[in-house]
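S.K.:
Number of protein chains: 6
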Amino acid sequence: MAMRIRVINPNSTTSMTEKIGRCARQVAAPGTEISAANPPHSPPSIEGFTDGAMSVPGLLAEIRKGEADGIDGYVVACFDDTGVDACREVARGPVVGICEAAMHAASMITTGFSVVTTLSRSVPIIEDLVEKYGMHRKCKRVRASDLPVLALEEEGGRAREAIREEILRAVKEDRCEAVILGCAGMADLTAWLTRETGVPVIDGVAVAVKLVEALVGAGLTTSKLGAYAAPLVKGEHATVSDHDGK
Amino acid sequence: MAMRIRVINPNSTTSMTEKIGRCARQVAAPGTEISAANPPHSPPSIEGFTDGAMSVPGLLAEIRKGEADGIDGYVVACFDDTGVDACREVARGPVVGICEAAMHAASMITTGFSVVTTLSRSVPIIEDLVEKYGMHRKCKRVRASDLPVLALEEEGGRAREAIREEILRAVKEDRCEAVILGCAGMADLTAWLTRETGVPVIDGVAVAVKLVEALVGAGLTTSKLGAYAAPLVKGEHATVSDHDGK
Amino acid sequence: MAMRIRVINPNSTTSMTEKIGRCARQVAAPGTEISAANPPHSPPSIEGFTDGAMSVPGLLAEIRKGEADGIDGYVVACFDDTGVDACREVARGPVVGICEAAMHAASMITTGFSVVTTLSRSVPIIEDLVEKYGMHRKCKRVRASDLPVLALEEEGGRAREAIREEILRAVKEDRCEAVILGCAGMADLTAWLTRETGVPVIDGVAVAVKLVEALVGAGLTTSKLGAYAAPLVKGEHATVSDHDGK
Amino acid sequence: MAMRIRVINPNSTTSMTEKIGRCARQVAAPGTEISAANPPHSPPSIEGFTDGAMSVPGLLAEIRKGEADGIDGYVVACFDDTGVDACREVARGPVVGICEAAMHAASMITTGFSVVTTLSRSVPIIEDLVEKYGMHRKCKRVRASDLPVLALEEEGGRAREAIREEILRAVKEDRCEAVILGCAGMADLTAWLTRETGVPVIDGVAVAVKLVEALVGAGLTTSKLGAYAAPLVKGEHATVSDHDGK
Amino acid sequence: MAMRIRVINPNSTTSMTEKIGRCARQVAAPGTEISAANPPHSPPSIEGFTDGAMSVPGLLAEIRKGEADGIDGYVVACFDDTGVDACREVARGPVVGICEAAMHAASMITTGFSVVTTLSRSVPIIEDLVEKYGMHRKCKRVRASDLPVLALEEEGGRAREAIREEILRAVKEDRCEAVILGCAGMADLTAWLTRETGVPVIDGVAVAVKLVEALVGAGLTTSKLGAYAAPLVKGEHATVSDHDGK
Amino acid sequence: MAMRIRVINPNSTTSMTEKIGRCARQVAAPGTEISAANPPHSPPSIEGFTDGAMSVPGLLAEIRKGEADGIDGYVVACFDDTGVDACREVARGPVVGICEAAMHAASMITTGFSVVTTLSRSVPIIEDLVEKYGMHRKCKRVRASDLPVLALEEEGGRAREAIREEILRAVKEDRCEAVILGCAGMADLTAWLTRETGVPVIDGVAVAVKLVEALVGAGLTTSKLGAYAAPLVKGEHATVSDHDGK
């Protein structure tokens, strides 16, 4: 029976969801069935704390749908790893963020990596994740190419050149041994950037899909012993999904 | 002219909001005008990551109302400091969480403190905040009294005895010099617990009100130079407050 | 009844004490009574470990005077936070250093700040405080403008221009969102520097006054349960204040 | 074409190598070909720094054989992650240690885990790995069951009961949400221990196989840009493999 | 020519100074000349921050005397390493505190050690030193035997039995591999405690003497390039030694 | 009776061993007898993880010879501190690596130091040691001069000029107060570099010899209570020295 992985783009830009889905399918194992989704009502891109926070209720609704659909594991395809902890309360199977996936992978093939993201305002958010994941010794620097996320969706834009230049600067200035792409919207550029720069370039979407396959394949599910136990149902409280669906 | 501080309880339990408002008014300076609010649609208590995430859109809507009302500064009255970073993007004035307030205060009157919270599942969330605020050397231990948040709202309940016992254990076992109450719903117990235990007991609601007064009084507002700049407005995006109000 | 706060400049330069007193009074709440003092015998400026150490006995004598005068809380107005731990043993009310005050405040209105101090030799001392206060993730860099402390007391000097330039470099090179002035003697420049640079500039003296007001207002005093208990009185020992007054 | 993964047991106990190989094959994906190997001359078990160090030349020789055989990725099946960095210099494909594999996996399904290993003398070695992998906030405690490694190879021994008891203590005392088995020789006990304790039990061998599949499947190989570049060949030096083969 | 090392007891209890001098001479190399001194006016014991701070001016005066006497290096014989940084500004040769000496030594002969000190109020002070010296991974625990310092000077007292018991508890509960005596006044008990407990017991006085010999013997002196440069002499300032001598 | 210290160069380049021996003898105390050795079969230089790993079996055989010869303490003269933990299991007396020796010494005479090593590929290895020894706050930067180790053995080479330039850059850019030479092969350049640069230059070989003298002189030996207990002897295992000698 196929393993079913759902890749959820927490923003509402469907062209990005489709792109992420394609990238996920390219790396999925033969027995894996990938579906891609995004919340219908969500910011069109996640650029800062507010965008991140506004996307989580919709993201959680998608996880609930996934649970109803019998999904085995989830990728949260936003590099801020928005709402991943909350998703783990709701899901039985593993939930993997693309930032953590990329960093865990990078830590096994380098002694140090850098991240190239979009806007400067995302840098402190990613630096918080670096600390959360214990990657402060491995992550040399989080760099912004100062591109809005949606510039990555424009045909013929200058986005990929800007990212290529930032990768080359990262290797030269940070002494890093690989570069992580700090936005799900960059997933389709991985091969081109690797070829152009000669640097190992890591896309969190691809790696997260493979890590979910790995965890599910090893028989691991989200532990329900402590902080990731199912959300409490409360007496006088309209159920969370009711509220969420209004 | 009065300084206007709004204390926002991110959950929807209005009895808790009223209690928090009363505690805030007790410590406010003569020139300070306190208002207390909570989002109309929100979990009735914040017990875990999902509750926290579900409360933030409503919390942000309250901040937006506050901005329209000309509020000078905000207290977010949930010990998980839920959504505080996002609130700072939206607010001009300072936004202070009750966990950070209590820990900053404790770090200036002790060489080490412990926290007594409600449920075990909140412990890892608070431990993350300990790290985020750089309090790992000051915070001896985060303890759970294994009470649901709403038990604190029940008359004649065993809640306050359970908290008293946990405070006494904290002093004995953790060698701490003060105890922080790890839930906004405990705010009204501070005086009783201090008297009963002889231990300095710190309530984040009171301290947060005073810290907002302090920041506003020192002429400080949230820096808009970087990560706390106002959320970006996006072309094709229904405004966040539209989405939020549906 | 008024709250009485004493601001102690640990060095013996009375012009600096007066300036600090004025800055403190500017931000104090209506009900607060500020007094400013300095030890009569102390180094004229604190520039390095020895100066700091030599100033503490006089500083403690001032705290003892304050206790006799019924002072409610103290500000130690040297950015090295010289002797603050010892002062806490002696004082009943809260004692706040201007470095810790500024850093706690900055951590609530930014995701990252830098410090601009006077001499390079003070940088490692402040970096130790950054670690002590758990601000290593928030403090981007401690910078020296290579001005002696007393140059700040000279009329028409180049000091404020040098500090302005260093603030602008900090924002550009460190990606900081606010700048803390790393010397009590800079307190009167805050408004001018903020206006000139467009950067949130934080003066520890002002913030420390407000934090003492906040702690006292929240009913908090220095915990006497552990390391900040009153100094032990010893049998064969001339009392500390005797020794100190010789 | 099949993906070829070699699982190398750095010690010379072939019964353990066979057991590890069986466990690896149980979790391998359909398209993966597992081979298991151990150096012919090596300590029979890795119990301490000297055993670890003595096993590495043989381990590196096995990696060289693997490179000649066209192996795609390697698992180093000793929980001390002995020699993993050196193996990465020699291998083109990814090399994953079972300790790091288990910890990365545990960090994605829990907010905190403990480790149960064999002898006390291994505890500081594993604690060093906890720091190296940035898992100090996630790893609650490294526990020893005080069993020699080879006791795990004895039929009908008391080993598995001792491990079960230690797992139950870990959950109770450490507030952990999963337990990692801290020795490759425990790999075959995972299912039994999970069933007996009701606790998620993580075996590094299984997870490491899946992580190598994941990295190879995502197109990632060991970065050769820096510290993991191929070992330098030196003029007057008998080649390392010559020396090694003597 | 002999190497001249001065061991300075920062407190004014001369019986302790004599004891420390004897212990220093027992380990000194044949070519080393040990002198022991204490400031005439100083607290009789260092028990807390205030005692520590009050002892430093006298300690610095002793360093100045030492410089006039041509001393090659200094030991500061108080386990709080009181004033060591300031002493380094004044001295040309190396200055070593007994806490740092003991911890550096312990870190080279164990993978983890504990400290047994006198009063509980000293524990946070020593824990700060643990952080300052980067020993947080090596130092398992700082323990108090709840003895006042001067109890160590009493004949036939219960002090040494209390310390022996605490050492045995440390080995059992902390899994430490050596115990550091956390008070200069314990220096003469080292041999007896080692014999009685079978545990490696480390006395900071002995080790610090040997480390000063080592640094001087390696040709190293305190760097005058930065923070340990000589204290600045200030125009309108009565010289520090003048002030100090009043 | 003389104290006998053996300095072991883990690589097989005998000219380097002789140079290291000479440097060791220059600083040894009158009563110390220095012998220098290297394993006969070992990489000619340690440049990376594999070289390091390949040298340890030979290094351990030298320690075993030393134990048979009644050696009192050992210096491991490779700046990667290769195999030091394993050596401590085998030796009774203290074993000190030259990296740790230099860093401990530097931490007592500066508030911050930098390291200048040979090849870039060694930088992450030394950075790991910085963390292991808790020197992350003291070590400003690890710099490579991009010289192969054996270039240090060539007469009239450009090596020493390259190192001098890097030292000057370190002081200017890193604000360090001393520079540690990051390779045993630089030991003979210390005096020249100190003279040429005016910067305190620290050679780990000299300092390590003095630290071994210090530890032995203080009566300290490697603790055998835990992780450094003698390696376990195993039933069916050809003895380690047998294997090693083949």
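Residue numbers (the numbering used here), protein chains in the order written: chain A, -6 to 239; chain B, -6 to 239; chain C, -6 to 239; chain D, -6 to 239; chain E, -6 to 239; chain F, -6 to 239.
The beta-carbon is built from N, C-alpha and C at its ideal position, and this holds for glycine as well.
In this text the structure is predicted, and so the values were computed from the model without any measurement.
What are the start and end residues of each continuous alpha helix (DSSP H) run of 4 or more residues lying completely inside the stretch 168 to 219 of chain D, in chain order?
M.R.: The qualifying runs are 183 to 190, 197 to 210.
S.K.: Within 9 Å (strictly less), CB to CB, does C:GLU158 reach chain F?
M.R.: On the third sequence, position 165 is the one that residue 158 of chain C refers to. No, no contact with chain F.
S.K.: Please list, in chain order, the chain A residues whose beta carbon lies closer than 7 Å to that of B:ASP78.
M.R.: Numbered from its first residue, the second sequence carries residue 78 of chain B at position 85. In chain order: PHE42.
S.K.: Would you mind telling me which residues of chain E sit closer than 7 Å to B:ARG130, beta carbon to beta carbon, in chain order?
M.R.: Counting from 1 along the second sequence, the entry for residue 130 of chain B is found at position 137. In chain order: GLU124.
S.K.: Would D:VAL49 count as contacting chain A if we go by Cβ distances under 9 Å?
M.R.: As a working note, residue 49 of chain D is residue 56 in the fourth sequence. Output row for D:VAL49: interface = no.
S.K.: According to DSSP, is D:LYS133 part of a helix, a strand, or is it coil?
M.R.: Reading the fourth sequence from its first residue, position 140 is the one you call residue 133 of chain D. DSSP places D:LYS133 in strand when its eight states are reduced to three.
S.K.: Could you tell me the alpha carbon to alpha carbon distance between A:LEU122 and A:CYS92, rounded to whole angstroms?
M.R.: Against the first sequence, residue 122 of chain A aligns to sequence position 129. Against the first sequence, residue 92 of chain A aligns to sequence position 99. Cα to Cα, the separation comes out at about 8 Å.
S.K.: According to DSSP, is C:THR103 helix, strand or coil?
M.R.: Position 110 of the third sequence holds residue 103 of chain C. Coil.
S.K.: For E:ASP44, collect the residues of the same chain with a Cβ closer than 6 Å to its Cβ; drop the 5 residues on either side in sequence, then sort them by chain order.
M.R.: For the purposes of this step, residue 44 of chain E is taken as residue 51 along the fifth sequence, with counting starting at 1. Closer than 6 Å at Cβ, skipping near neighbours: PRO36.
S.K.: In chain order, what residues of the same chain lie with their CB nearer than 8 Å to the CB of E:VAL181, ignoring the 5 residues before and after it?
M.R.: If you number the fifth sequence from 1, residue 181 of chain E lands on position 188. Reading off the sequence shown, one finds Asp at residue 181 of chain E, where the question assumed Val. Cβ within range, chain order: LYS12, ARG15, CYS16.
S.K.: Could you tell me whether the Cβ of C:ARG134 comes closer than 9 Å to any Cβ of chain A?
M.R.: Position 141 of the third sequence, counted from the first residue, corresponds to residue 134 of chain C. So, not an interface residue.
S.K.: What does the alpha-carbon distance come out to for the pair B:ILE119 and D:ARG168?
M.R.: Indexing the second sequence from 1 puts residue 119 of chain B at position 126. Indexing the fourth sequence from 1 puts residue 168 of chain D at position 175. Looking at the two C-alpha atoms, the distance is approximately 14 Å.
S.K.: Report buried or exposed for C:THR6, applying the criterion of at least 16 other Cβ atoms within 10 angstroms of its Cβ.
M.R.: If you number the third sequence from 1, residue 6 of chain C lands on position 13. Label assigned to C:THR6: buried.
S.K.: Which partner residues does F:ALA240 have in the DSSP bridge list?
M.R.: Lying before the first or after the last residue shown, residue 240 of chain F is absent from chain F, which here runs from -6 to 239.
S.K.: Rounded to a whole number of angstroms, what is the C-alpha to C-alpha distance between F:ARG(-3) and F:PRO33?
M.R.: As a first step, residue -3 of chain F is located in the sixth sequence; it is residue number 4 there, counting from the start. As a first step, residue 33 of chain F is located in the sixth sequence; it is residue number 40 there, counting from the start. Near 21 Å, if we compare the C-alpha coordinates of F:PRO33 and F:ARG(-3).
S.K.: So which residues on chain D does A:LYS203 lean against when the C-beta distance must stay under 8 Å?
M.R.: For this step, residue 203 of chain A is matched to residue 210 along the first sequence. Result: GLU206, ALA207, LEU208, GLY210, ALA211.
S.K.: Once DSSP output is grouped into helix, strand and coil, what is the label at E:THR110?
M.R.: Here residue 110 of chain E refers to the residue found at position 117 when the fifth sequence is read from its first residue. E:THR110 falls in the strand class under three-state DSSP.
S.K.: Is it buried or exposed, E:ARG188, if we count other Cβ atoms within 10 angstroms and call 16 or more buried?
M.R.: Mapped onto the fifth sequence, residue 188 of chain E falls at position 195. E:ARG188 comes out exposed.
S.K.: For A:VAL85, which residues of its own chain have a beta-carbon under 6 Å away from its beta-carbon, when the five flanking residues on both sides are left out?
M.R.: The residue given as residue 85 of chain A occupies position 92 in the first sequence. Before going further, note that residue 85 of chain A is Arg rather than Val in the sequence given. Only THR214 meet the Cβ criterion.
S.K.: Rounded to whole angstroms, what's the CA-CA distance from A:GLU166 to A:VAL109? Just pull it up for me.
M.R.: What you label residue 166 of chain A is simply residue 173 of the first sequence in a count that begins at 1. What you label residue 109 of chain A is simply residue 116 of the first sequence in a count that begins at 1. C-alpha separation (whole angstroms): 13 Å.
S.K.: Decide if C:MET(-6) is buried, meaning its Cβ has at least 16 other Cβ atoms within 10 Å, or exposed.
M.R.: Sequence index remark: in the third sequence, residue -6 of chain C carries index 1 (1-based). Exposed, because fewer than 16 other Cβ atoms sit within 10 Å of the Cβ of C:MET(-6).
S.K.: If you count every other CB in all the chains shown that lies within 10 Å of the CB of D:ALA226, and 16 or more means buried, which is it?
M.R.: Taking the first residue of the fourth sequence as position 1, residue 226 of chain D is located at position 233. Residue identity differs from the one stated: residue 226 of chain D is Val in this sequence, not Ala. Classification of D:VAL226: exposed, given that the 10 Å Cβ count is below 16.
S.K.: At a CB-CB cut-off below 8 Å, which residues of chain D make contact with E:THR25?
M.R.: For the purposes of this step, residue 25 of chain E is taken as the residue at position 32 of the fifth sequence. Neighbours of E:THR25 on chain D: none; closest Cβ ~35 Å, over 8 Å.
S.K.: Which value, in whole angstroms, describes the spacing of the CA atoms of D:GLU229 and D:ALA177?
M.R.: If you number the fourth sequence from 1, residue 229 of chain D lands on position 236. If you number the fourth sequence from 1, residue 177 of chain D lands on position 184. Because the pLDDT at D:GLU229 is just 44, under 50, the model does not fix this residue reliably, and the value given afterwards should be weighed accordingly. Their Cα atoms are separated by approximately 39 Å.
S.K.: Identify the contact partners of F:PRO117 in chain A, using a Cβ-Cβ distance below 8 Å as the criterion.
M.R.: Reading the sixth sequence from its first residue, position 124 is the one you call residue 117 of chain F. Those within 8 Å of F:PRO117 in chain A are THR104, GLY105.
S.K.: Quick check on D:GLU120 - is its C-beta less than 9 Å from some C-beta in chain E?
M.R.: Sequence index remark: in the fourth sequence, residue 120 of chain D carries index 127 (1-based). Yes, contact with chain E.
S.K.: How long is the line joining the alpha carbons of B:MET96 and B:ALA211, rounded to whole angstroms?
M.R.: Along the second sequence, read from residue 1 onward, the residue named residue 96 of chain B stands at position 103. Along the second sequence, read from residue 1 onward, the residue named residue 211 of chain B stands at position 218. Cα to Cα, the separation comes out at about 20 Å.
S.K.: Use the C-beta contact count for F:ASP237: other C-beta atoms within 10 angstroms, 16 or more gives buried, fewer gives exposed.
M.R.: Walking along the sixth sequence from the start, residue 237 of chain F turns up at place 244. In this prediction, F:ASP237 scores a pLDDT of 32, lower than 50, which makes its location untrustworthy; no coordinate-derived value is stated.
S.K.: Out of curiosity, what's the CA-to-CA distance linking D:ASP62 and A:THR103?
M.R.: Against the fourth sequence, residue 62 of chain D aligns to sequence position 69. Against the first sequence, residue 103 of chain A aligns to sequence position 110. Taking the straight line joining both Cα atoms gives about 24 Å.
S.K.: So for B:VAL88, helix, strand or coil by DSSP?
M.R.: On the second sequence, position 95 is the one that residue 88 of chain B refers to. Residue state, collapsed to three classes: strand.
S.K.: I'd like to confirm the pairing. Which residues does DSSP put opposite B:GLY66 in its beta bridges?
M.R.: Residue mapping note: residue 66 of chain B aligns to position 73 of the second sequence, counting from 1. B:GLY66 is bridged to B:ILE(-2).
S.K.: Rounding to the nearest angstrom, what Cα-Cα distance links F:VAL233 and D:THR25 in this structure?
M.R.: Indexing the sixth sequence from 1 puts residue 233 of chain F at position 240. Indexing the fourth sequence from 1 puts residue 25 of chain D at position 32. Bear in mind that a pLDDT of 35 at F:VAL233, under 50, signals an unreliable position, so the number given afterwards is only what the model happens to contain. Taking the straight line joining both Cα atoms gives about 36 Å.
S.K.: What is the DSSP secondary structure of C:THR10, reduced to helix, strand or coil?
M.R.: Locating residue 10 of chain C in the third sequence gives position 17, counting from the first residue. Residue state, collapsed to three classes: helix.
S.K.: DSSP on F:VAL25, reduced to helix/strand/coil?
M.R.: Position 32 of the sixth sequence, counted from the start, is the residue given in the question as residue 25 of chain F. Here residue 25 of chain F turns out to be Thr, not Val, going by the sequence shown. The answer is strand: DSSP assigns F:THR25 an E or B state.
S.K.: Measure the alpha-carbon distance for E:MET128 versus E:THR183 and round it to whole angstroms.
M.R.: Position 135 of the fifth sequence, counted from the start, is the residue given in the question as residue 128 of chain E. Position 190 of the fifth sequence, counted from the start, is the residue given in the question as residue 183 of chain E. Rounded to the nearest angstrom, the two C-alpha atoms are 22 Å apart.
S.K.: So, is C:GLU40 buried or exposed, given that buried needs 16 or more other C-beta atoms within 10 angstroms?
M.R.: Taking the third sequence and counting its residues from 1, the one referred to as residue 40 of chain C is at position 47. Buried, by the Cβ-count rule.
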